[in-house]
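Participant: One structure is given below, represented as structure tokens, and several questions about it will come after.
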Amino acid sequence: MLEAVNLAAAVAVDGAAAAALSASRLPSLLADLLREKVDDDTVTLQVLLALWRLLQHAETFRELVYGLRVVDDLLELQVRTDGRTD
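The numbers in this note's numbering rise by one with no breaks, and the one at position 13 of the sequence shown is 13.
Next comes the structure, spelled out in structure tokens:
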């Protein structure tokens with residue numbers, strides 16, 4: 001699973017590839033994975049990198065921000081991890 005997330009992050013660097021990814025289920029799966037693996041720092045970091053790279057492109061930005069509302073998930077992640085001391 002982590003390898004797939006890393007691959008998505010690498011592919012998302014390219015604008016055309018990111019546009020193709022935005023038409024797939026991948027952005028939704030990344031958002032779901034972020035919610036499910038919030039306690040796994042390695043997975044969370046890699047998912048955040050993939051999402052950040054997808055947010056750099058207009059098409060995927062619109063899908064993530066307005067369609068999937070991933071910003072809400074990111075804010076929730078921040079609230080949940082505030083005060084964590086591990």
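Even glycine gets a Cβ: it sits at the ideal position worked out from N, Cα and C.
Please report the residue range of the alpha helix (DSSP H) in which ALA20 lies.
Facilitator: It spans 15-22 - the alpha helix (DSSP H) in which ALA20 sits, taken as one unbroken run.
Participant: Between VAL47, VAL38 and PHE61, which has its C-alpha nearest THR81's C-alpha?
Facilitator: Cα-wise, what sits closest to THR81 is VAL38.
Participant: Apart from the five residues on each side of it in sequence, which residues of its chain come closer than 6 Å, Cβ to Cβ, to LEU34?
Facilitator: Once the five neighbours on either side are set aside, the close Cβ partners of LEU34 are VAL47 and ASP73.
Participant: Below 8 Å on the Cβ atoms is my contact criterion, and I expect VAL43 with LEU2 to pass it. Report the Cβ-Cβ distance as a whole number of Å.
Facilitator: Between LEU2 and VAL43 the Cβ distance is about 6 Å, and since that is below 8 Å, they are a contact.
Participant: Would you mind reading off the limits of the alpha helix (DSSP H) that contains LEU29?
Facilitator: Counting along the chain, the alpha helix (DSSP H) containing LEU29 begins and ends at 26-36.
Participant: Around the Cβ of GLU63, are there at least 16 other Cβ atoms within 10 angstroms (buried) or fewer (exposed)?
Facilitator: Burial call: buried.
Participant: Do VAL70 and ALA31 have their beta-carbon atoms positioned less than 8 Å apart in this structure?
Facilitator: Yes, they are a contact pair.
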